[in-house]
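The next block holds one structure in the form of structure tokens; read it before the comments.
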Amino acid sequence: MIIEAFINGLLFGGVCALVALGLNLLFGVVRIVNLAHGEIIMLGMYGVFWIYSWSKNMFLAGLVTVSSLIPFMVLIQKAVFNKLLKAPGINQLIATGGMILALSYGAEIVWGVDYRSIPLTFPIAQIHGVFISISRLIAFAIAMSCALLLYLFLYKTYPGMAIRAMVQDSEEAELLGIKPEKMYVLAVGITGLLAGIAAICLTLIYSIHPHVGGEFTLFAFLIVVLGGLGSLSGSVVGAFIISEVFTISSILVGLEWAYVITLIFFILILILKPYGLMGRGE
Amino acid sequence: MIILRVSALSKHFGGISAVNNVSFEVGKGEILGLIGPNGSGKTTLFNLISGLYRPDSGRIIFMGEDITKKQPHEICRKGIARTFQLVRAFPNMTVLENVVVGSIFGGGIKDLDVALNESRRICEFVGLAGKEDTPVRNLTAVDKKLTELARALAMKPKLLLIDELMAGLNPVETEQAMALLKRIREQGITIFWIEHMIKAVVGISDRIMVMNHGMKIAEGRPDEVVNDVRVIEVYLGGRW
Amino acid sequence: MAVNLFKKIKWNIIIAIIIMFLILPILPWRYLIHVLTLIFIFASASTYWSFMGRFGLVSLGHGAFFGLGAYTSSLLFNIYGLSPWIGMFIGGVFATSIAVIVGYPCFRYGVRGAYFSLVTLALSAAMMYTFSAMRGITGGLLGLTIRYEPGLLQFQFPEKYYYCYIAISFWLLSIYIWRRIEGGTFIYALKAMSDDEIFAEHSGIDLCKVKLQITMLSSFFTAICGTIYAQAISYINPEIAGITWSLEIAFIAILGGLYSMVGPLIGSAVYISFSEFVRVLLGSTLVGISHLMLGLLLIVFTIFLPGGIWGSIRTILFRRM
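Protein chains in written order, with the numbering used here: chain P, 43 to 324; chain Y, 82 to 321; chain V, 254 to 574.
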């Protein structure tokens with residue numbers, strides 16, 4: 043039982059990592075705390091759902107969703123985030139908090155509160171007596187490939203290096219000729235991409251509901267803080283840790299208490315190690 | 082009588098020794114000047130004494146009590162007040178309110194009216210009479226410094242750490258500042274003072290201490306220190 | 254000149270409230286009384302929230318205290334028959350204890366700004382899931398109905414307007430408490446802390462203690478708001494401890510202007526009237542629209558109008574000076 047939970051936790055962790063990476067990138071480069079990250083993913087999930095329902099083609103659904111989320115994120119960047127850059131931190135929380143309400147209740151109005159899921163079922167494999175859901179496996183595979191591509195981008199290409207430079211020291215980066223505005227657009231675009239792919243993965247595993255965003259955001263923040271704001275590898279490690287804590291707790295004490303435990307774990311981490319396991323200080 | 086004794090104090094940041102094995106004493110009622118080139122560790126030394134940083138090693142003994150590991154607000158209440166190199170004040174409060182903060186929380190006055198009266202008196206003492214109700218963010222740099230100083234005085238300090246008072250003052254203001262320092266000393270307050278304007282420091286300090294690269298390199302009466310070969314080397318970069 | 258106009262408006266609001274107080278029993282529209290009650294309950298909770306919010310301690314988790322107050326008094330009454338008047342205080346004590354348990358490590362170890370807000374968010378979510386998980390006692394997601402037993406001691410009244418009186422009085426209490434704080438020495442510590450923490454520390458202010466004190470005050474009274482709500486509505490569910498509720502409490506204050514005394518009331522009046530209006534007009538088809546509007550308003554406000562509604566009015570008036 044526990045082993046199953048452990049494996050499921052790993053598989054879920056892969057997807058969590060993707061969600062967390064998007065959030066982390068946004069913070070590392072644009073310095074924005076986006077409380078509504080989960081809601082963006084929720085929108086993506088609806089996108090995948092509707093396009094798949096219409097076309098019965100998962101690839102098309104994924105493609106359209108991702109290519110809409112990227113400009114959407116850029117739009118938000120220009121309309122909202124840019125204005126928040128110079129403002130006190132509380133404004134970021136308020137504006138993105140407002141986005142949570144606007145996006146989730148907006149979705150509620152447009153699409154109703156019913157749970158939707160993709161009518162795409164995958165078998166459940168049995169390996170050595172342990173049940174593994176193939177859909178989770180596929181989601182994991184997609185997420186990890188995406189993470190790998192992201193790694194290659196960040197470490198092997200010039201734009202990627204520029205982004206890493208911005209994360210480390212934005213002033214220095216600017217002095218070296220890296221234009222912040224362009225970097226913001228790039229980072230936000232990548233966040234949109236990651237959110238879109240995360241949405242695809244999550245549709246395979248979960249049902250869709252206007253308020254699922256909240257859970258994802260919460261997990262994303264837990265992971266990002268645990269791994270360290272600004273540390274991308276920390277987010278990956280943190281994702282697996284948080285995923286395991288949550289999955290194993292839910293097997294042991296039930297879903298709701300699992301949330302409580304994970305949240306308390308989060309509060310403790312914030313207090314004891316605000317810079318996370320691998321993060322740098324502010 | 083020794084009011085402050087610092088022994089073997091050290092603080093490193095990464096690989097750099099900001100303060101390196103510094104020891105000295107401050108006598109009660111004296112004005113001790115601290116000079117040295119930029120980056121010699123003077124402000125870091127103040128930060129260690131005021132509790133902003135924790136030293137890596139060494140001890141700080143104030144009036145017989147070990148304050149090495151104490152928090153800033155505790156140290157304030159024991160009787161050490163400081164000003165900052167880049168002048169600090171509460172921008173959204175008035176001059177009077179700034180001083181009242183020092184009076185209540187540093188000076189320990191619980192009654193608001195008493196604190197207000199006391200603060201007005203101190204504003205007059207430093208020369209801010211008539212500006213008490215101006216919000217600090219509207220003040221000139223000089224008046225901001227005076228506000229910061231007034232707030233420090235309201236804390237009823239026994240030891241006042243002043244981090245650069247003269248920067249940006251014209252000659253008239255400099256004279257006034259020097260006179261003010263003398264008046265503060267007459268109140269019985271000991272002054273430990275970082276300053277770049279050598280003339281001012283030499284003018285009123287009883288003793289001077291010189292730092293370079295985090296270490297104390299000279300200490301003594303102003304005329305001794307100024308003629309000390311090592312000090313000249315530090316400022317002029319070599320014998321000539 | 255503008256200052257006098259400003260003061261006049263403020264006093265007019267207070268007088269309007271007093272008049273409301275007097276004519277309430279005569280008003281035939283029970284629904285209006287219900288809406289007013291909600292407005293003042295939320296105004297109170299938001300005002301107590303602003304005790305922290307205006308000094309940079311932005312809690313996005315006040316629902317945790319609200320819910321704790323509501324559930325404590327309601328459960329104690331339903332199960333043990335303990336009067337909600339007493340249960341109210343016990344709820345307040347619980348809320349304050351949680352605030353201290355979570356707050357002390359935060360304040361001692363310098364968890365501030367967005368990190369602090371995240372902790373409060375997590376607290377609120379944790380509280381909601383806890384109420385939901387304890388379904389044996391609390392009824393879980395289905396919620397809890399207060400046992401019907403009218404009587405003064407049971408904090409239940411036959412006529413709805415009594416609850417409105419209590420809500421209004423409680424809001425006035427929050428104003429009174431704020432005035433007392435403003436007139437004393439504590440306000441200096443709070444203002445200093447929010448202006449420059451390091452400088453405040455070096456003025457002899459014990460930051461941890463100051464933050465704890467204001468948090469304890471805020472959480473205690475917010476919990477009591479929860480109890481008043483529970484009694485007035487007779488039904489509660491875990492949502493009132495959750496994130497949406499917490500965000501609403503915070504945002505109502507910000508909408509109306511969190512740096513003023515009447516700001517939260519204005520924000521509450523605007524938001525609640527709007528939600529109820531929409532609900533009545535559009536029925537259950539567009540239930541979420543008030544939240545959507547609040548969200549959009551907040552985005553627009555933070556970009557263009559940082560002072561909230563009241564703050565903006567104030568600024569416009571002062572510019573005429």
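Even glycine gets a Cβ: it sits at the ideal position worked out from N, Cα and C. Note that the structure is predicted; figures quoted are calculated from it, not measured.
Could you give the first and the last residue of the continuous alpha helix (DSSP H) run that contains residue i?
i: P/Gly89; result: His79 to Ser97
i: P/Arg158; result: Element bounds for P/Arg158: n/a, residue is neither H nor E.
i: P/Ala137; result: Gly131 to Trp153
i: V/Phe504; result: Ile496 to Gly509
i: Y/Phe94; result: Run containing Y/Phe94: none in the alpha helix (DSSP H); it sits in the beta strand (DSSP E), Ile83 to Phe94.
i: Y/Gln152; result: It is not in any alpha helix (DSSP H) - Y/Gln152 carries neither H nor E in the DSSP assignment.
i: P/Ile44; result: Ile44 to Leu67
Could you check the C-alpha separation between residue i and residue j for me, to the nearest Å?
i: V/Gly320; j: V/Ser447; result: 28 Å
i: P/Leu127; j: Y/Leu220; result: 28 Å
i: V/Gly322; j: V/Ala476; result: 4 Å
i: Y/Ile84; j: Y/Asp287; result: 15 Å
i: P/Ala229; j: Y/Met247; result: 46 Å
i: P/Asn66; j: Y/Ile97; result: 31 Å
i: V/Gly437; j: V/Lys464; result: 16 Å
i: V/Asn331; j: V/Gly404; result: 14 Å
i: V/Cys461; j: V/Arg361; result: 6 Å
i: V/Met469; j: P/Met115; result: 40 Å
i: Y/Asn128; j: Y/Met290; result: 17 Å
i: Y/Ile142; j: Y/Glu229; result: 25 Å
i: P/Leu246; j: P/Ser95; result: 13 Å
i: P/Phe54; j: V/Gly389; result: 30 Å
i: V/Tyr284; j: V/Val533; result: 11 Å
i: Y/Ile203; j: Y/Arg163; result: 16 Å
i: P/Leu68; j: P/Leu77; result: 11 Å
i: Y/Glu300; j: Y/Val168; result: 27 Å
i: Y/Met144; j: Y/Gly160; result: 9 Å
i: V/Ile266; j: V/Ala485; result: 24 Å
i: V/Pro337; j: V/Gly314; result: 24 Å
i: Y/Arg201; j: V/Tyr512; result: 28 Å
Tell me where the beta strand (DSSP E) around residue i begins and ends.
i: Y/Glu300; result: Met296 to Gly301
i: Y/Val291; result: Arg288 to Asn293
i: Y/Thr271; result: Thr271 to Ile275
i: Y/Gly139; result: Ser138 to Phe143
i: Y/Leu241; result: Leu240 to Asp244
i: Y/Asn251; result: Y/Asn251 -> no beta strand (DSSP E), and no H or E assigned at all.
Does DSSP classify residue i as helix, strand or coil?
i: V/Glu402; result: coil
i: P/His253; result: coil
i: Y/Gly114; result: strand
i: P/Phe182; result: helix
i: Y/Ala170; result: coil
i: Y/Pro216; result: strand
i: V/Trp282; result: coil
i: Y/Thr124; result: helix
i: V/Val364; result: coil
i: Y/Phe165; result: coil
i: V/Leu397; result: strand
i: V/Phe596; result: Nothing about residue 596 of chain V can be read from this structure; chain V reaches only from 254 to 574.
i: V/Tyr512; result: coil
i: P/Thr199; result: coil
i: Y/Phe105; result: strand
Count the other C-beta atoms from every protein chain shown that fall within 10 angstroms of the C-beta of residue i, then say buried if there are 16 or more, exposed otherwise.
i: P/His251; result: buried
i: P/Lys98; result: exposed
i: P/Val57; result: buried
i: P/Glu324; result: Because P/Glu324 carries a pLDDT of 38, less than 50, the predicted location of this residue cannot be relied on, and the following value inherits that uncertainty. The residue in question, P/Glu324, is exposed, as its Cβ has fewer than 16 Cβ neighbours within 10 Å.
i: V/Glu454; result: buried
i: Y/Asp224; result: buried
i: Y/Glu267; result: exposed
i: P/Ala167; result: exposed
i: P/Val254; result: buried
Which whole-angstrom value describes the C-beta separation of residue i and residue j, a residue pair presumed to lie in contact below a C-beta threshold of 8 Å?
i: P/Leu85; j: P/Ala149; result: 7 Å
i: V/Gly334; j: Y/His154; result: No, V/Gly334 and Y/His154 are not in contact; Cβ-Cβ is about 47 Å, not under 8 Å.
i: V/Glu529; j: V/Val288; result: 5 Å
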